[in-house]
Amino acid sequence: ECGSTRSLTLKKNYRNTKDVLKAAYYILKKHYNAEHQPLEDYELLDPELADRSGTTPLILEARSLGHEFSYALNYLQDEILRHPGRKGCIAYCGFTSYEVKTLSDKVGIPLLDGAIDIDISDIFLSDLEQTKGFEFDYVVILNCSEEALPDQAAPKEEQFRDISKFYVAMTRTKHQLILSYSAGLSHLLSDSEEYFVKDSWNSWLDEDESGKNIYEPIRIEVSRGEGSDNSLS
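Those letters in the sequence shown? Residues 118 to 350, by this note's numbering.
The following block contains the structure:
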């Protein structure tokens, strides 16, 4: 087993609050085992090395994925209005970067990628993978559903990649982490009440907010072959 964890490094952490790291660490360790292949450049952060405590992470339910996005956007806009200079990211489980770009183009919120200048906006959209290397004051991860997290169509040995990307996305926040779902919460988040407050979005935002800017999910069917036969579903 020693070799299987050799690539996991432990570093002093200044980015995250202890509350966020404990929650992320719990989920990762609960679903990690010796059969999983370690990922390159993988950084496992010990919660006890975090130098500050903060806001308890949330798991919030909405009526649909469109409502999840609308709640998240309204929440971030309100927070940033009250705290100018802060930044937020809305990340999607189960969506490719190409799929998220379609939504990005529709709503006019920049898509996160490795070439982006983080100063161009206060709010960004992303898939889980592209969040790596960035940090935000707020991270809201949408579609934390059983079918999307981890990818149920992927081989079992590949599903840990989704779990590790989820961990990385969770640890991108410096202040508040919100995990959102609307269609059956992922089993990865079961028995996590010690680390999260579980509630509904409309308990945290006014019910009136849920009627604004409802964007139902845009799914793109991408050919697993060439990737050129892209069509709106």
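Backbone N, C-alpha and C define an ideal beta-carbon position, used for all residues, glycine too.
Endpoints, the beta strand (DSSP E) within which residue i is located
| i | result |
| --- | --- |
| residue 315 | 314-317 |
| residue 178 | 175-178 |
Identified DSSP bridge partners for residue i
| i | result |
| --- | --- |
| residue 259 | 209 |
| residue 302 | 262 |
| residue 243 | 208 |
| residue 253 | 290 |
| residue 228 | 242 |
Nearest-angstrom Cβ-Cβ length linking residue i and residue j, presumed shorter than 8 Å
| i | j | result |
| --- | --- | --- |
| residue 263 | residue 296 | Between residue 296 and residue 263 the Cβ distance is about 13 Å, and since that is not below 8 Å, they are no contact. |
| residue 144 | residue 294 | That pair is no contact at about 11 Å. |
| residue 259 | residue 185 | 5 Å |
| residue 253 | residue 205 | 6 Å |
| residue 218 | residue 229 | Their Cβ separation, rounded to whole angstroms, is 10 Å, which puts residue 218 and residue 229 out of contact at 8 Å. |
| residue 239 | residue 197 | 5 Å |
| residue 214 | residue 247 | 6 Å |
| residue 207 | residue 190 | 7 Å |
| residue 178 | residue 299 | 7 Å |
| residue 141 | residue 313 | Not confirmed; about 11 Å, so no contact. |
| residue 257 | residue 322 | Not quite, the Cβ-Cβ distance comes to about 12 Å (not below 8 Å), so this is no contact. |
| residue 251 | residue 289 | 6 Å |
| residue 243 | residue 332 | At roughly 16 Å, the Cβ-Cβ gap does not stay under 8 Å, so residue 243 and residue 332 are not in contact. |
Residue-chain proximity (residue i, chain D), Cβ-Cβ < 7 Å
| i | result |
| --- | --- |
| residue 281 | Chain labels in this structure do not include chain D; a single protein chain is all it has. |
Endpoints, alpha helix (DSSP H) assigned at residue i
| i | result |
| --- | --- |
| residue 215 | 214-224 |
| residue 187 | 182-199 |
Segment contact, 8 Å Cβ cut-off, at least three pairs: the stretch 263-283 with the stretch 172-184: Contact between the stretch 263-283 and the stretch 172-184 is not established, with fewer than three Cβ pairs separated by less than 8 Å.
Using a Cβ distance threshold of 8 Å, determine whether the stretch 275-287 contacts the stretch 307-320, with at least three qualifying pairs required. no
Entirely enclosed beta strand (DSSP E) segments - the stretch 268-300, minimum 3 residues: Within the stretch 268-300, the complete beta strand (DSSP E) runs of at least 3 residues are 290-298.
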